[in-house]
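In UniProt numbering, the protein residues as written are 1 to 338. We put the CB at the ideal spot given by N, CA and C, even for glycine. Remember, it's a predicted structure, so these values are computed and weren't measured experimentally. To start, the structure itself, in structure tokens.
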Ligand code: SF4
């Protein structure tokens, strides 16, 4: 189901835009139907009121919890969610009141180090299915302040659904716009659409290397934009939105952790309106990449900060659930315990 379908159904029942907003607000905020100062009963048209319990049950059925895997830090958890057609996606409850949602089942970008990309794109996740992941997270955690689109899939390859979900979360959902984070490998259509969007999220750009040829190997089906072009486009959006770019760098031992890369990062990012999130790779058996030692990662982050690039090394809290998306789904597919 799409958010547009939901709106259409409410209108067909006689809801006006104010009624529609209230119903959507109750859903996105995971509120009981009788919550709020103005009870829905007696205010909504009778036909809408009569249909509401069934409609809410239908929305609840968009994503179903299949399994939950707590992170070692006690504040994070990876959830495997079943969709109505039997497909699955992963949603991650993050430390500090965040949730990471999936925008696609599978992914066409095929990053060499990512399990999600192995089978290519299986299907898009609908806008209502994206929001339903947030609603489920809200039910598990009363306080939720941040939604990041960094789970399975490339958001710019499912742009209309992701932007519709962001608009609803940033209006009726009660999230500050900068607490909604659109993550991408970089795509010109996405940069243009974000500039025009009514709710402008913060931007995370997965850079991973400053070498264009190496990036083509690591992210084989990402749009052919050079790191320089990506940074220029991200910077333009950051200036327009007022939120700094979060450059993402999955640190792979012997691949993107050498002196040439550090020089490239300083050349590209020094003086930019952004920060670098450096995340030591969460190893996936059989993918052929290794994670550098924590000491090495810390030394790299310290050197970059010393050279004027604000660099944040993700600490180990939640590491076991924040990296390596797609592993739960893959394990379930081959019948191995997650
Ligand atoms: Fe797709 Fe992201 Fe995995 Fe790359 S890292 S294959 S963009 S899900």
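Where residue 223 and residue 109 are concerned, what is the direct C-alpha to C-alpha distance, given to the nearest angstrom? 9 Å
Which stretch, first to last residue, makes up the beta strand (DSSP E) that contains residue 174? Taken as a continuous stretch (DSSP letters only), residue 174 belongs to no beta strand (DSSP E), as it is neither H nor E.
Among the candidates 178, 289, 71, 146, whose CA atom is the shortest distance from the CA of residue 218? 289
Would you say the stretch 251-266 touches the stretch 278-293, given that touching needs at least three Cβ pairs under 8 Å? yes
Since residue 134 and residue 102 are thought to touch, with beta carbons under 8 Å apart, how far apart are those beta carbons, to the nearest angstrom? No, residue 134 and residue 102 are not in contact; Cβ-Cβ is about 11 Å, not under 8 Å.
Measure the Cβ-Cβ separation of residue 352 and residue 246 and say whether it is below 8 Å. Any question about residue 352 goes unanswered here, given that the chain covers just 1 to 338.
Just to be sure I understand the criterion: a residue counts if its Cβ is closer than 6 Å to at least one heavy atom of ligand 1. Which residues meet that? 107, 109, 110, 111, 114, 116, 117, 152, 153, 154, 185
Taking residue 132 as the reference, give the member of 106, 157, 100, 114 with the closest Cα. Out of 106, 157, 100, 114, 100 has the C-alpha closest to the C-alpha of residue 132.
Among the residues of its own chain, which have a CB less than 7 Å from the CB of residue 185, if the five just before and after it don't count? 109, 154, 206, 219, 222
Less than 8 Å separating the beta-carbons of residue 152 and residue 104? The answer is yes: Cβ separation under 8 Å.
Is the Cβ-Cβ distance between residue 213 and residue 182 less than 8 Å? No, they are not a contact pair.
In terms of residue numbering, what span does the alpha helix (DSSP H) encompassing residue 191 cover? 188-196
Give the list of continuous alpha helix (DSSP H) stretches no shorter than 4 residues that lie fully inside the stretch 101-163. 127-140
Between the stretch 193-202 and the stretch 223-243, do three or more beta carbon pairs fall short of 8 Å? Put simply, the stretch 193-202 touches the stretch 223-243. At least three CB pairs are less than 8 Å apart.
Comparing C-alpha positions only, which one of 130, 127, 112, 106 sits nearest to residue 120? Distances from the CA of residue 120 to each of 130, 127, 112, 106 were compared; the closest alpha carbon is that of 106.
Beta-bridge partners of residue 67, as assigned by DSSP: 80
What distance in whole Å lies between the Cβ atoms of residue 268 and residue 228, which are believed to be in contact at a cut-off of 8 Å? 7 Å
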